[in-house]
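Trainee: The sequence shown begins at 62 in our numbering and counts up by one.
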Amino acid sequence: MVDNNMNPDSLIFDMDGTLWDAVDAYAQSWTEVFKAKGIPRVMKREDLQKLMGQEVKDLLAAAIPEIPENEREYFYRDVLAQYDIEIPKPKNGVIIYPGVVEGLKELSTKYKLFILSNCDKGGIKLFLNYTGTEKYITDYFEHGENYMPKYHNMKLLIEKHSLQYPMYVGDTDSDSKQSQMAGVPFIFVNYGFGATQNYAAEFDDFSELCYYFMNI
Numbered sequence: 062m063v064d065n066n067m068n069p070d071s072l073i074f075d076m077d078g079t080l081w082d083a084v085d086a087y088a089q090s091w092t093e094v095f096k097a098k099g100i101p102r103v104m105k106r107e108d109l110q111k112l113m114g115q116e117v118k119d120l121l122a123a124a125i126p127e128i129p130e131n132e133r134e135y136f137y138r139d140v141l142a143q144y145d146i147e148i149p150k151p152k153n154g155v156i157i158y159p160g161v162v163e164g165l166k167e168l169s170t171k172y173k174l175f176i177l178s179n180c181d182k183g184g185i186k187l188f189l190n191y192t193g194t195e196k197y198i199t200d201y202f203e204h205g206e207n208y209m210p211k212y213h214n215m216k217l218l219i220e221k222h223s224l225q226y227p228m229y230v231g232d233t234d235s236d237s238k239q240s241q242m243a244g245v246p247f248i249f250v251n252y253g254f255g256a257t258q259n260y261a262a263e264f265d266d267f268s269e270l271c272y273y274f275m276n277i
């Protein structure tokens with residue numbers, strides 16, 4: 062668990078793989094755009110899941126290497142537009158991890174809460190609207206706002222809100238490395254999309270995380 066000498070004043074959350082799993086809707090969005098453009102291809106969940114959390118440029122290079130680099134951004138805009146359509150559809154099986162909505166509400170009574178994701182602009186707002194949790198979140202920052210690495214944007218949030226002891230909660234080794242680069246303790250939730258051995262604390266589910274931070 063977390064060192065008892067640690068007294069965070071804020072928690073910054075990753076989104077995909079930490080707060081929700083919207084990979085199926087995301088994969089369907091890719092597949093629909095392939096279909097619309099006459100490309101005989103289906104985006105599989107397992108292929109896309111391996112790319113979650115990457116910066117957009119890297120994700121596109123891995124997902125659609127056959128499309129010229131200068132055309133990938135336009136392709137991706139169509140994917141994002143389709144994503145807005147796919148998210149509300151029950152058949153796409155968006156999963157809000159157990160305890161997240163209740164946990165964010167409870168944690169917001171003790172900490173300033175933030176969301177920091179490598180998603181494109183509008184992705185976090187989509188999550189907040191879908192879950193009704195916007196009132197619990199002090200602020201958020203998306204990779205699509207400036208296309209800078211997560212550690213850089215973490216520092217921007219810290220500076221903007223004068224945070225004294227934030228912690229970053231995520232689900233991948235990349236999250237761990239970016240936290241380290243920002244000088245922020247990393248809290249690992251092991252139910253998400255990745256794995257790491259480098260963390261200040263590890264939790265099996267969001268309710269466990271919430272209980273711990275409400276009682277330190």
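Cβ atoms here follow ideal geometry from the backbone N, Cα and C, with glycine treated the same way.
Taking the alpha helix (DSSP H) that D181 falls in, what are its first and last residues?
Mentor: No alpha helix (DSSP H) contains D181, which DSSP labels as neither H nor E.
Trainee: For the alpha helix (DSSP H) containing S240, list its first residue and its last residue.
Mentor: Here the alpha helix (DSSP H) through S240 covers 234-243.
Trainee: At 3 residues or longer, what runs of the beta strand (DSSP E) sit wholly inside the segment 182-209?
Mentor: 200-203
Trainee: Provide the residue(s) that pair with M228 in DSSP beta bridges, ordered along the chain.
Mentor: L72
Trainee: Can you find the residues in the same chain that come closer than 7 Å, C-beta to C-beta, to C271, ignoring five residues on each side of it along the sequence?
Mentor: G160, G164, E167, L168
Trainee: Contact defined as beta carbons within less than 8 Å: I believe E203 pairs with K182. What is the distance between those atoms, to the nearest angstrom?
Mentor: 5 Å
Trainee: Do L109 and A88 have their C-beta atoms within less than 8 Å of each other?
Mentor: yes
Trainee: Which residue's Cα is closest to the Cα of W91: S71, R133, T79?
Mentor: R133
Trainee: From which residue to which residue does the beta strand (DSSP E) around V250 run?
Mentor: 247-250
Trainee: Taking DSSP as the reference, what is the three-state secondary structure of D82?
Mentor: Residue state for D82 is assigned as strand, using DSSP reduced to three classes.
Trainee: On the DSSP bridge assignment, give the partners of L174 in chain order.
Mentor: L72
Trainee: Who are the near neighbours of N68 in its chain, counting only those whose CB is closer than 8 Å to its CB and skipping five residues on each side?
Mentor: Y226, I277
Trainee: Does the segment 71-88 touch the segment 222-239, meaning 3 or more C-beta pairs lie closer than 8 Å?
Mentor: yes
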